[in-house]
Each structure stands twice: as C-alpha cells, then as structure tokens.
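Chemist: Numbering (the numbering used here), first residue to last: 215 to 757.
Cβ coordinates follow ideal geometry from the N, Cα and C atoms, glycine included.
Predicted model, so just to flag it, every value in this text is computed and none were measured.
Here you go, one structure.
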Amino acid sequence: ARDTQPILVRDLADVRIGEALKRGEASHNARPAVIISIQKQPGSNTLELTRAIDAALNDLQRTLPPGVKIDRNIFRQADFIERALANLTAALRDGAILVVIVVVLFLLNARAAFITLLALPLSLLSAVIAMRYFGFSINSMSIGGLAIAIGELVDDAIIDVENVVRRLRENSMVPEAERRSALEVVYRASTEIRGSVVFATLIVVIVFLPLFFLTSVEGRLLQPLAFAYVVSLSVSLLVALTVTPALCLLLLPRAKSILRGSEPALVRALKRVYHPALDWSLRHAGIVFGCAGLLLVGAAFSFSFMGRAFLPEFNEGTLTVGAVTIPGTSLADSDELGRGLERILLSVPEVVSTARRTGRAELDEHVQGVESSELEVRLRMLKRPKEHVLDEIRQKVTLLPGTNVTIGQPISHRIDHMLSGTRANIAIKIFGDDLRTLRVLAEQVQGAVANVSGVVDLSAEQQTEIPAVRVKVDQAAAARYGLQSGEVTEAVQTAFVGREVSQFLEGQLSFPIVLRYQGVGRGLEEIAQTQLDSVTGAKVPLS
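See the structure below:
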C-alpha cells in the first residue's frame, strides 16, 4: 500500500480466466469436439460398466445447453463383446441342433435319443458351474471352448447307448430260456466298450492340458477355452459312465421298437458303403498307408508356407487410423491435416463417423507430440468386402502430403502395442546415436520390406531434429546484476510458460493461479529481449 491506499493485483496485472497452453486438438466428423476416454478398472465387467455409463450420460445430457450432444458410439468395447457372444452363442445353439438331428437320425428311437442327448445339458451346465467356481467368466474364449466340445459331448453316451441297444436286440432274439436279465445285458454291454470310451476321452483331455501351463497373453487367452472344453468333456464321460447305463436299464428293456425292430435305414445304408470300402482297404493296406503318408508329408510341406499371426483379424466394426507428420509441425497445421484426413475418410460410403485426437498431454498413458493424430472410425459394412473398403481408404489417404498413415483396429491395435511396443503387428527397431544414419538405415529397411507379400501400411517413424532455443545463463554477467541462475530460469518460465503461484477454490473445485508476462512474443529476438528485474530495480534484457 502507498499512503494507506491499497495496491490491488488488478492495478499491476490483467486478471482474467484463462486456459492452459494447448497441447492437442479434437474433432468429431471434422467438427470441434471434446473427446473423453473411459477405461475400466481391472476385474470390472465391461457390459455392466457400459450400462452404468450410459445411464450417467443420459442424466448428463439433460443438463447440457442446447446444441451440445453426447455421441457415445465412437468406440464401445461392449458392442464388440455383445456381437462376439451372440455369434458364439448362435454357433453353440446351431451345433446342439445338428447334434440332436444326427443322433435322432442314427438311433430313430425317442428313448435312446433322450438318453444320449441328456449328456448335453448336464455337461454344459456342469462346465458353467465349474467356471464360476474357479473364477472364469462367460466370455468369447470360454463359449468357444463349449462350442468346440459340443459335438463330442454325446460321443461317449451314444457309443454306450448304441451298444446297449444292439445287445438288447440280440438278447431278445435268442430262445427265452437262454435269455439273460436286462441288468446283466446292460452291464455287459456297457463294460464291453468302457475301456475304449475312457481312453479315447482321456487322450483328448491330455492334449489340452498343456494349455493350462501357458503364461503371459497366450495363457490369458487360451486357458478359459481349455478349461471349458476339458471340464465339459470330463463331465460327459462321467455321465456316460453313470447316468447313461442307469437310464438304459430303466427305459430301453421295455421299448418294443428296440427289441423287435432293426437298425435304422441310415445306418444300414452307411454299412452297405462302408463294408466294401473296409474290405478294399484291408486287401490294399500298402496303398492306403502310402496315400496316408503322402497326405502327411503334403500337409507338413504346406504348413511351412502358411502365414503366421498371433491372433486372427477381428471384425470389430471400428478402425483405428494413425497419422504422423513431420516432427516440429505446429498444432494448427497438424489440426488442419487431421481435419483433411477426416473429410477423406467420411467420403468412403462405409464410414459412419470419425473421432480424432491430435497430440497427447504429458500425463497421458500414450504421450504423443502435436504432429501425431489418432482417429476412431466407425464402419457399417454394405455390399463390399472389408478388404475392398480398406484398399479404398489406403488409396485415398495417400493424397495427404508428408503424412504417414496406418490403419488398424482398436483391440488389435492395443494387442500390438502390448506385444511389440508399437501400433504395428511387426516392428523393426534400429538403435544408434546418429539421427542421420538411423534415417538412412530405416529407408533401406523400408525398401527391402516393401516388396514382401502381405505387407501394408509400411512406414518409418519420422525422426528429425526439432529446432529449439537453449538459454544458457552467463554466471558472471548475472552476478553483476545481482541475479542467480534460478531467478533467470524462473523469469523465463514465467514469461513464456507461466508459473503457478497459488490456487483458489470455487465450490469443491480448485483452480491454479498462473502468473505470466503480458504480450511476450515467442520469436528468437523477443526471447532475447525479455526483461529481467535486477536487485537495483533496473530492467535487464535476457541477452
């Protein structure tokens, strides 16, 4: 204060509500937007969490001013999960229907078919109970394991039922004095094939056991599949050993259609074809063995030329498009390139919407400079195959000057990041301390790989020296004006970046109070002329 007259901050500075320095831009369909990414905590259920978020967004939408709309469909992992579960559930259902049809056609008896098919619900329900007990969820891999096992769940039971039916029919044809009791017939019929059934099932189970010892990503992916498969198959064996013989004894001995009937027409027709084929194979065993050997060699030879991938390509319904231009590009120029890329993508008929983020802040889990943009592109598949759509997109994005564009999918993109540390399936990394040499080597590798069949979106990350201004304090000169290095550094930071000096509260929210020089340019000359306060109060230029 001077003469009891207080000096206010507004007398010395321009006080206003400002914004932090921009480190990125965002847009939706090439129009300005705010993009919020929501990530779940480990162990959370994605579907339940998505429903809760939808409810919260519905409440939030009602409080927003007119013209502000929330688009929650940019990328929803729940949509992919629901589609995958629906497809696998349909496959499981269709497989069960086919099993029922085949069993009925081969047995042509309601009681025998009922006994055989009872293994299906018992095995599937037991597998689900076991998965819940051991902490496995119902996901794509566990349902996939059940779908794979669906055809084998009735194998043990149908072998048992078919042999019991045959022995009961044979027993009914002998003189009454020589007939055995139904209990004895069922017991002997079941024990005749017991060893084969048990050993066959155990062999299949043993084949899947190594999957339980996989670690890392492979184990997380395949263990639910193996668990569901092994448990359901083991339960089906248990059913065949216990429930099936008991039901055969209760239901089949009194079935007149079994005791007086003959084999189903389909079985007789297959036997008429099989008997001559078996006879020919036994008389020409050498030829059969030679053909089998040739097929084995051919399969091994073909396998060596097959492509390899960690996972098959998913149909996620969304693309992740990355665009990187020359380092040092301004945020405004990079934003304009990003908008241009969005307009190109929206010109493709199958593209529904685009959402773009340019640049990532320092605290983001994927820090990126302002020269990098990432887009989420929603698709609706029309008549064209997906490959043709991607080809058109790749052809159109080549029109962007000085920009490397890569195309992937959100989940696949994250898996690639986890495995290789980059957004690509395969990454070739070259290390060294000479940027020019690294650039030359990268171009050589790029040229060598470009002609490999199947390679798309090939790009070398553009590493260039970014111009920077370095301020080195002259200790002797600073001392003449009574300044220390820390004071000079603090003044430069205050002038060009701003310095947080305090905070103020509004309700329960705190906001930083940032002190910054007014009207300071960012050119080299303006930086050199930045005024510093000496101990005498005189103004001293930075340089």
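1. Decide if D273 is buried, meaning its Cβ has at least 16 other Cβ atoms within 10 Å, or exposed.
2. Can you give the beta carbon distance from L299 to I249, rounded, assuming they're within the 8 Å contact cut?
3. Measuring straight from C-alpha to C-alpha, what distance separates G349 and N259?
4. Give me, in chain order, the residues of the same chain whose beta-carbon lies closer than 8 Å to that of V603; leave out the 5 immediate sequence neighbours on both sides.
5. Are the segment 508-516 and the segment 584-593 touching, with three or more C-beta to C-beta distances below 8 Å?
6. Along the chain, where does the alpha helix (DSSP H) that runs through Q660 open and close?
7. Measure how close the beta-carbons of L261 and K254 come, nearest whole angstrom, since I'm counting them as under 8 Å.
8. Let's see if you can read the secondary structure: which residues bound the beta strand (DSSP E) around A569?
9. Our contact map puts V375 next to I329 with C-beta atoms below 8 Å; I'd like the distance itself, whole angstroms only.
10. Taking DSSP as the reference, what is the three-state secondary structure of S446?
11. On the three-pair Cβ rule with 8 Å, is the segment 355-369 touching the segment 433-448?
12. Relative to the C-alpha of E527, which candidate in L360, R653, D630 has its C-alpha closest?
13. Rounded to whole angstroms, what is the Cα-Cα separation between I642 and S667?
14. Hey, D541 and E601: beta-carbon distance below 8 Å or not?
15. Report the rounded CA-to-CA distance for R730 versus V702, giving the unit in angstroms.
16. Roughly how many angstroms lie between the CA atoms of A682 and T543, to the nearest whole one?
17. Look at the alpha carbon of T458 and the alpha carbon of D493, and state the distance between them as a whole number of angstroms.
18. For L312, count the other beta carbons within 10 Å of its own beta carbon; 16 or more makes it buried, fewer makes it exposed. Which is it?
19. Hey, could you find the ends of the beta strand (DSSP E) D547 is sitting in?
20. To the nearest angstrom, how far is it from the Cα of A333 to the Cα of V411?
21. Looking at the structure shown, is T456 part of a helix, part of a strand, or coil, going by DSSP?
22. Considering only the alpha carbon of each residue, which of A403, I284, S567, Q717 lies closest to A454?
23. Starting from K610, trace the alpha helix (DSSP H) in both directions and tell me its first and last residue.
24. List the DSSP bridge partners of L729.
25. Work out the CA separation of P478 and L321 for me, nearest whole Å.
26. Going by DSSP, which residues form a beta bridge with G622?
27. L510 CB to nearest chain C CB: under 8 Å?
28. A692 and Q698: beta carbons closer than 8 Å?
29. Reducing DSSP to helix, strand and coil, say where G792 ends up.
30. Can you tell which of S748, R713, Q707, S716 has the C-alpha that lies nearest to the C-alpha of R694?
31. For D747, which residues does DSSP report across the bridge?
32. Taking a contact to mean a Cβ-Cβ separation below 8 Å, would you say R570 touches G554 in this structure?
33. Got a sec, what are the start and stop residues for the beta strand (DSSP E) H489 sits in?
34. Helix or strand or just coil, what does DSSP make of S354?
35. Per DSSP, V687 is paired with what?
36. Label G536 either buried or exposed according to how many other C-beta atoms from any shown protein chain fall within 10 Å of its C-beta, with 16 as the threshold for buried.
Modeler: On the basis of the data shown:
1. Taking the first residue of the sequence shown as 1, we reach residue 273 at position 59. The residue in question, D273, is exposed, as its Cβ has fewer than 16 Cβ neighbours within 10 Å.
2. In the sequence shown, counting from the first residue as 1, residue 299 sits at position 85. In the sequence shown, counting from the first residue as 1, residue 249 sits at position 35. Not a contact, Cβ separation roughly 27 Å.
3. Residue mapping note: residue 349 aligns to position 135 of the sequence shown, counting from 1. Residue mapping note: residue 259 aligns to position 45 of the sequence shown, counting from 1. Each residue's alpha carbon lies about 13 Å from the other.
4. As a first step, residue 603 must be located in the sequence shown, where it is residue number 389. Taken in chain order, the residues that qualify are V562, E564, L593, M595.
5. In this structure the segment 508-516 does not lie against the segment 584-593, because fewer than three pairs of beta carbons, one per stretch, are closer than 8 Å.
6. Here residue 660 is taken as the residue at index 446 of the sequence shown, counted from 1. In the DSSP annotation of this structure, the continuous segment of the alpha helix (DSSP H) that includes Q660 starts and ends at 649-663.
7. The residue given as residue 261 occupies position 47 in the sequence shown. The residue given as residue 254 occupies position 40 in the sequence shown. 11 Å between Cβ atoms; not a contact.
8. Within the sequence shown, numbered from 1, the residue matching residue 569 stands at position 355. A569 -> beta strand (DSSP E) spans 565-574.
9. As a working mapping, residue 375 is identified with position 161 in the sequence shown. As a working mapping, residue 329 is identified with position 115 in the sequence shown. Right, their Cβ atoms sit about 5 Å apart.
10. Position 232 of the sequence shown holds residue 446. In the structure shown, S446 sits in a helix (DSSP, three-state: H, G or I).
11. yes
12. Position 313 of the sequence shown, counted from the start, is the residue given in the question as residue 527. Looking only at L360, R653, D630, the smallest Cα-Cα distance to E527 is reached by D630.
13. As a first step, residue 642 is located in the sequence shown; it is residue number 428 there, counting from the start. As a first step, residue 667 is located in the sequence shown; it is residue number 453 there, counting from the start. Approximately 17 Å, taken between the alpha carbons.
14. Locating residue 541 in the sequence shown gives position 327, counting from the first residue. Locating residue 601 in the sequence shown gives position 387, counting from the first residue. The sequence shown places Pro at residue 541, not Asp. Contact: no.
15. Along the sequence shown, read from residue 1 onward, the residue named residue 730 stands at position 516. Along the sequence shown, read from residue 1 onward, the residue named residue 702 stands at position 488. Approximately 14 Å between the Cα atoms of the pair.
16. On the sequence shown, residue 682 is found 468 positions in, with the first residue counted as 1. On the sequence shown, residue 543 is found 329 positions in, with the first residue counted as 1. When rounded, the distance between both Cα atoms is 13 Å.
17. Position 244 of the sequence shown holds residue 458. Position 279 of the sequence shown holds residue 493. Going by the C-alpha atoms only, they are around 33 Å apart.
18. Taking the first residue of the sequence shown as 1, we reach residue 312 at position 98. Exposed, by the Cβ-count rule.
19. Along the sequence shown, read from residue 1 onward, the residue named residue 547 stands at position 333. Segment 545-560 is the alpha helix (DSSP H) holding D547; no beta strand (DSSP E) there.
20. On the sequence shown, position 119 is the one that residue 333 refers to. On the sequence shown, position 197 is the one that residue 411 refers to. Spanning the two alpha carbons is a distance of roughly 14 Å.
21. As a working mapping, residue 456 is identified with position 242 in the sequence shown. Correct three-state label for T456: coil.
22. The sequence position of residue 454 within the sequence shown is 240, counting from 1. The residue with the shortest Cα to Cα distance from A454 is A403.
23. Here residue 610 refers to the residue found at position 396 of the sequence shown. Counting along the chain, the alpha helix (DSSP H) containing K610 begins and ends at 600-611.
24. Stepping through the sequence shown from its first residue, residue 729 is reached at position 515. Its beta-bridge partners are R713.
25. Here residue 321 corresponds to residue number 107 of the sequence shown, with the count starting at 1. Here residue 478 corresponds to residue number 264 of the sequence shown, with the count starting at 1. C-alpha separation (whole angstroms): 7 Å.
26. What you label residue 622 is simply residue 408 of the sequence shown in a count that begins at 1. DSSP, once it has assigned bridges, lists T534 as partnering G622.
27. Protein chain content of the structure displayed is limited to a single chain, and chain C is not contained in it.
28. Sequence index remark: in the sequence shown, residue 692 carries index 478 (1-based). Sequence index remark: in the sequence shown, residue 698 carries index 484 (1-based). Judged by their CB atoms, A692 and Q698 are nearer to each other than the 8 Å cut-off.
29. For residue 792 there is no data in the structure shown, the boundaries of the chain being 215 and 757.
30. On the sequence shown, residue 694 is found 480 positions in, with the first residue counted as 1. Checked all of S748, R713, Q707, S716; the closest Cα to R694 is S748.
31. Taking the first residue of the sequence shown as position 1, residue 747 is located at position 533. Answer by DSSP bridge pairing, in chain order: K753.
32. Counting from 1 along the sequence shown, the entry for residue 570 is found at position 356. Counting from 1 along the sequence shown, the entry for residue 554 is found at position 340. Taking 8 Å as the Cβ cut-off, R570 and G554 do not qualify as a contacting pair.
33. Here residue 489 refers to the residue found at position 275 of the sequence shown. Here H489 belongs to no beta strand (DSSP E); instead the alpha helix (DSSP H) covers 479-497.
34. On the sequence shown, position 140 is the one that residue 354 refers to. Here S354 sits in helix by DSSP.
35. Taking the first residue of the sequence shown as 1, we reach residue 687 at position 473. Note: V687 sits in no beta bridge, so no partner.
36. Here residue 536 corresponds to residue number 322 of the sequence shown, with the count starting at 1. Classification of G536: buried, given that the 10 Å Cβ count is 16 or more.
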